[in-house]
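Novice: One structure, as structure tokens, below. Some questions next.
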Amino acid sequence: MEAAILRLYITGPVILVLLAALQEPVLTEAGAKEIDSFGADRRLVAAYCWKPSPRDFEEMARAGVDVALVALSGGAPEAAAAPKVALFCDAEPAYDAIRGFFAKISPGSWAAIEGRPVVWLGPSVRAWSFAERFRADFRGRAPYLVAEWTADKIPAERRYAWGAAREGPRDFDVVSVGPGFKGVRDRAKGAFYERSWCAALRSRPAMVAIETWNRFEDDSQICECDAYGRAYVEATARFAQKYRKGETIAGPRGLASRFKRVGFNLKYSTDALGLAPVKNEDGPFELVEVTGLRLLVTKGKGDGWRRLYLDVDDAFAFWERRSFVVEVEYLDAGEGLFSLEYDSADAAIAPPGRWHKSAGERAFRGTNSLQVAEFELPDAFFGNRQKGGADFRLSVRGRGLSVRRVIVRPK
């Protein structure tokens, strides 16, 4: 009778607590002595990987990778002495899967910061509800959580931005870099990867995360392969060494490096001279002729806003604080306002706000003629952190904007 009553009332969360109490902890007293922690101030290079082989671990170590971010979906790897292994939750995890991952790897191979195992939460993970269970299994230690910046409800130690292989780096305490992404971002014979590392080195972040070591289906891999040989492995080793020394590399070079200003003028040509419009889902536009004028005209997308995104050639300005003036020649028809928002270096504004800092508004006066508006950008960063890798945008609501000329010049 007593056993029956016990079975009746021990249900749900109570069962989980009892089961946890009956299980051996993942981290034993002996295992705790094996943990070889990184200090919180140690500059670390990490790389996302799926089902890494022993050869992958050898190559990552040669490339200067300190931490292998091993995807939970691929299972626990056969770890080596280096790099250390952190758990990358590439989907919403179940706690038993997290527990099982660490249980299969010697604590001496865990990536830990100040004694706390690193758990890296992927962009789809929006909550962390395993605090007590984790502490129970890891001798009172909380995980060292790293979360995507949009998951702001998670109390993470560090944050990163996912998508660097497609969009480029973002300036969080973890800066992500990548070589390119199939169908979205061309590798440009390694130039995109080098430019991304240039940005990371200038940022001096707590950690650099590489997207990815071996994600072949996205063509975002940097491991040795038939298509690229060892070029990216060797480049990573060079960049990682500079990162640890606090050094930088030269910025992008090109024709625009010699320009005193950049821009385009549709009066003479549709060619961009160091400044190009960027077509993306938030900023569709078309080239049309209106009353004999050739103009870029913003198109609607259903939310009332129309935007024109523009990208400054990286050889002209890239990932450094500078002051510019932007001249916009536009068709002044009708009423309303348009504004300019730019990628700024204003540390007082948290991201993503500083990627879209306002340079002010200008009013349409209905003259039905071409007019010129000037915007001052005292702290431009131009780090390609707007949609599609753009550096600034012109925005208007409830109507269109027709532009013939845009010039960017140093102030």
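At position 72 of the sequence shown (counting the first as 1) the number is 58 in the working numbering, and the numbers step up by one without a gap. Using N, Cα and C, we set each Cβ at its ideal position, and we do this for glycine too. Quantities reported herein were computed from a predicted structural model and do not represent experimental measurements.
1. Does the stretch 37 to 50 come close enough to the stretch 200 to 210 to have 3 or more Cβ pairs within less than 8 Å?
2. Provide the residue span of the beta strand (DSSP E) that contains G249, from first to last.
3. So, helix, strand or coil for D205, using DSSP?
4. Measuring only the C-alpha atoms, how far is F24 from V392?
5. What would DSSP say about R48, mapped onto helix, strand or coil?
6. DSSP three-state label for W199, please.
7. Whole alpha helix (DSSP H) runs in the stretch 66 to 117 with 4 or more residues, listed along the chain?
8. Tell me, which residues are paired with F361 by DSSP?
9. Is the distance from the Cβ of V56 to the Cβ of L30 below 7 Å?
10. With distances taken Cα to Cα, identify the nearest neighbour of A213 among G176, S355, L241, L187.
11. How about S381 and S325: are their beta carbons less than 7 Å apart?
12. So the beta strand (DSSP E) Y34 belongs to, where does it begin and stop?
13. Please go through the same chain and pick out, in chain order, the residues whose beta-carbon is closer than 6 Å to the beta-carbon of A349, but skip the five residues on each side of it.
14. Which one or two residues does DSSP pair with G260 in a beta bridge?
15. Using the C-alpha atoms, what's the distance from V194 back to I99?
16. Tell me the residue span of the alpha helix (DSSP H) that contains R239.
17. Exposed or buried, which one is A412 when buried takes at least 16 other CB atoms within 10 Å?
18. From the DSSP output, in three-state form, read off A7 for me.
19. So D22 and G94 are in contact, right, with Cβ under 8 Å, and what is the actual spacing, rounded?
20. How many angstroms separate the CA atom of R395 from the CA atom of Y229?
21. Using 10 angstroms around the beta-carbon of G166, count the other beta-carbons present and answer buried if the total reaches 16, otherwise exposed.
22. Under the three-state reduction of DSSP, which class applies to Y254: helix, strand or coil?
23. Three-state secondary structure (DSSP) at G386?
24. By the DSSP assignment, the alpha helix (DSSP H) with E220 in it spans what residues?
25. Could you name the residues that DSSP lists as bridge partners for C211?
26. Could you have a look at R420 and say whether DSSP puts it in helix, strand or coil?
27. Beta-carbon separation of R152 and R171 under 7 Å?
28. Contact check, E372 vs R383 under 8 Å by CB: the rounded distance?
29. Starting from A133, trace the beta strand (DSSP E) both ways and give me its first and last residue.
30. Do L296 and L273 have their C-beta atoms closer together than 7 Å?
31. For A7 and R119, what's the separation of their Cα atoms in angstroms?
32. Whole angstroms is fine: what's the gap from W148's alpha carbon to E134's?
Specialist: In terms of the structure at hand:
1. Of all C-beta pairs linking the stretch 37 to 50 to the stretch 200 to 210, three or more are shorter than 8 Å, placing the two stretches in contact.
2. Boundaries of the beta strand (DSSP E) harbouring G249: 248 to 251, taken from the DSSP string.
3. Looking at D205 - three-state DSSP - the assignment turns out to be coil, as it is neither helix nor strand.
4. The straight-line gap from Cα to Cα measures roughly 49 Å.
5. DSSP places R48 within a helical segment (H, G or I) once states are collapsed to three.
6. W199 sits in coil when the DSSP states are folded into three classes, being neither helix nor strand.
7. Runs of the alpha helix (DSSP H) inside the stretch 66 to 117: 81 to 89.
8. Per DSSP, the beta bridge partners of F361 are V312.
9. For V56 and L30, no; Cβs fall outside 7 Å.
10. Shortest Cα-Cα distance from A213 to any of G176, S355, L241, L187 involves G176.
11. For S381 and S325, yes; Cβs fall inside 7 Å.
12. Per DSSP, Y34 belongs to the beta strand (DSSP E) from 30 to 35.
13. The beta carbon of A349 is closer than 6 Å to those of L323 in its chain, skipping five residues each way along the sequence.
14. Under DSSP, G260 shares a beta bridge with G249.
15. About 15 Å.
16. It is not in any alpha helix (DSSP H) - R239 carries neither H nor E in the DSSP assignment.
17. Since the displayed the chain opens at -13 and closes at 397, residue 412 lies outside it and no answer follows.
18. Confidence at A7 is low in this model, with a pLDDT of 49, below 50, so the placement of that residue is unreliable and no value is reported for it.
19. The beta-carbon separation of D22 and G94, rounded to 6 Å, stays under the 8 Å limit for a contact.
20. Rounded to whole angstroms, R395 and Y229 show a C-alpha spacing of 32 Å.
21. By the neighbour-count criterion, in which 16 or more other beta carbons inside 10 Å mark a residue as buried, G166 falls on the buried side.
22. Y254: coil per DSSP, three-state reduction.
23. G386: coil per DSSP, three-state reduction.
24. Unbroken alpha helix (DSSP H) run through E220: 217 to 231.
25. DSSP lists G215 as the beta-bridge partner residues of C211.
26. Missing from the structure shown is residue 420; the chain here goes from -13 to 397 and no further.
27. Taking 7 Å as the Cβ cut-off, R152 and R171 qualify as a contacting pair.
28. In the sequence as displayed, the identity of residue 372 is Gln instead of Glu. Their Cβ separation, rounded to whole angstroms, is 18 Å, which puts Q372 and R383 out of contact at 8 Å.
29. That run of the beta strand (DSSP E) goes 130 to 134.
30. The answer is no: Cβ separation not under 7 Å.
31. Note that A7 scores a pLDDT of 49, beneath 50, so its modelled location is shaky; the value from the coordinates is reported in the next line. Those two C-alpha atoms are separated by around 10 Å.
32. W148 and E134 have their alpha carbons spaced roughly 7 Å apart.
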